[in-house]
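**Student:** So for the sequence shown, the UniProt record's numbering puts the first residue at 1; every next one is plus one.
Quick one: this structure, given as C-alpha cells, is what I'll be asking you about.
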Amino acid sequence: MKLVSYLVSGRASFGLLTHNGIVDLKQKLGDKYADLKSLLADKEGLSIAKTYLNARSDIDEQDITYLPVIPNPNKILCVGMNYAEKRAEFNETSSAPTLFVRFPDSQTGHKTNIIKPAITNEFDYEGELAIIIGKAGFRISQEDALSHIAGYSCYMDGSIRDWQYTWFTAGKNWPSTGAFGPCITTSDEISDPKVLSLTTYLNGQEMQHDSVNNLVHTVPELISYISTFTHLSPGDVILTGSPGGVGKKRNPPVFMKDGDKIEVEITGIGRLTNYVVAE
C-alpha cells in the first residue's frame, strides 16, 4: 500500500496512490483523521485504509501538489556517516551513530522545487531511505524494532556544505532543502529493508548507489539506539544516512544549481523527483 499527502484545490489531504489515480482517504473518512500522521497514530488506521485499496480513484495525480509524506512530524532524526564509502570520504572513525535533526518546516514534497539558498554555492545532494514510525515506543529492542515501522519512503537530504562544521544542523535546515516522498510504502510490502537499494540521479546521471544491506548501523539498531533517549511516536521520521558519491567529495566537486533535476529512487518505493531553483 502506498500512501501520499498532498494539496488538491487548495485543501490539504492524504490518500492511497494507485495505478489509476488517488483514492482520497480524507474525503472517504471525513473528520476521523486530520492527516496521515493521525491515521498512523490509530492502531486500526492502516487496516481501515486497506479497505479502500480497490475503490475507484477520486483524483488524477496531475491535479495534486505533493506535500512531504508526513508534513508535520514531531521529530525528524537524521543519521550521518552510515555507509562505509561515505565514512571513508569524510574520514569518519567514530563507532557511535552520528545524529542530527532536521526541522519539519525545511521539507518539501515530490515534484516540487528545492530552493538553493543564495548564500551558498555548495548545495549538495544526499539520497536516503526514510523510516516512518507507526507505533510509539521507548527503549525499543532491536528484535521488536521493525514492528514499530509504518513504512518507508525516499528522502533527498540537501546539505549546505559551507554551513556544516563539527555539527550538521545549520547546514540541513534551510527552507525547502529536504524533499520527502513520493509516498510511504507500508512495511507489509517490505518485510526486510536490507533488500532495498538506493540510487541518486543528478540531471539523469547516477551519482550515488548502494544497498541498504550495507548500512553500518542497521534499521533495527538505529530505532533501538534512538529510542534509548527519546520516545518515538507515530509519524516520526528517521533518515538512515546517505551513500558515498556526494558532490562535496568529487574531484572536481559537483553541487546542485538552478535548473537542475535531482532524483532519489529506492526499489519497492518509487522515485522522488525535485527541481532546483535559486532563492
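Cβ coordinates follow ideal geometry from the N, Cα and C atoms, glycine included.
According to the neighbour-count rule (16 or more other Cβ atoms, all chains shown, within 10 Å of its Cβ), is P243 buried or exposed?
**Tutor:** Flag for P243 reads buried.
**Student:** Classify N203 as buried or exposed, calling it buried when 16 or more other Cβ atoms lie within 10 Å of its own Cβ.
**Tutor:** So N203 counts as exposed.
**Student:** So, under 8 Å CB-CB, W163 and T120 are touching, yes? Tell me the CB distance rounded to an integer number of Å.
**Tutor:** So it is a contact: roughly 7 Å between Cβ atoms.
**Student:** How do the segment 61-70 and the segment 205-225 stand: do at least 3 beta-carbon pairs fall below 8 Å, yes or no?
**Tutor:** Contact between the segment 61-70 and the segment 205-225 is absent, because fewer than three Cβ pairs lie under 8 Å.
**Student:** Taking contact to mean at least 3 C-beta pairs separated by less than 8 Å, is the segment 46-66 in contact with the segment 16-30?
**Tutor:** Touching, per the Cβ criterion.
**Student:** Using only the alpha-carbon positions, how far apart do Y201 and A34 sit?
**Tutor:** Rounded to whole angstroms, Y201 to A34 spans 34 Å at the Cα level.
**Student:** State the DSSP-derived secondary structure class of D124, mapped to helix, strand or coil.
**Tutor:** In this structure, D124 counts as strand in the three-state DSSP scheme.
**Student:** Closest to G158 by CA distance: which of M207, K111, G171 is it?
**Tutor:** Comparing Cα positions, the closest option is G171.
**Student:** Under the rule that 16 or more other beta-carbon atoms within 10 Å means buried, what is Q107, buried or exposed?
**Tutor:** Q107 comes out buried.
**Student:** Starting from P220 and walking both ways along the alpha helix (DSSP H), at which residues does that stretch end?
**Tutor:** Here the alpha helix (DSSP H) through P220 covers 219-226.
**Student:** Just confirm the distance between the C-beta atoms of I114 and N274, as a whole number of angstroms; I'd bet it's less than 8 Å.
**Tutor:** That belief holds up - the Cβ atoms of I114 and N274 are roughly 5 Å apart, short of 8 Å.
**Student:** Measuring CB to CB, does K43 end up less than 9 Å from K135?
**Tutor:** Contact: yes.
**Student:** If you measure between the beta carbons of H217 and G241, is that distance less than 9 Å?
**Tutor:** Their beta carbons are under 9 Å apart, which means H217 touches G241 by this criterion.
**Student:** Thinking just about the alpha-carbon of each residue, which of F103, F100, I132 is nearest to the one in G181?
**Tutor:** Checked all of F103, F100, I132; the closest Cα to G181 is I132.
**Student:** If distances are taken between C-alpha atoms only, which option among S38, D60, R87, V219 comes closest to V8?
**Tutor:** Comparing Cα-Cα distances from V8 to each of S38, D60, R87, V219, the minimum goes to D60.
**Student:** Leaving out five residues on either side along the sequence, give the residues of the same chain with a beta carbon under 7 Å from the beta carbon of S227.
**Tutor:** If we look at S227 and ignore the five residues flanking it on each side, its Cβ neighbours are G137, F138, R139, I140.
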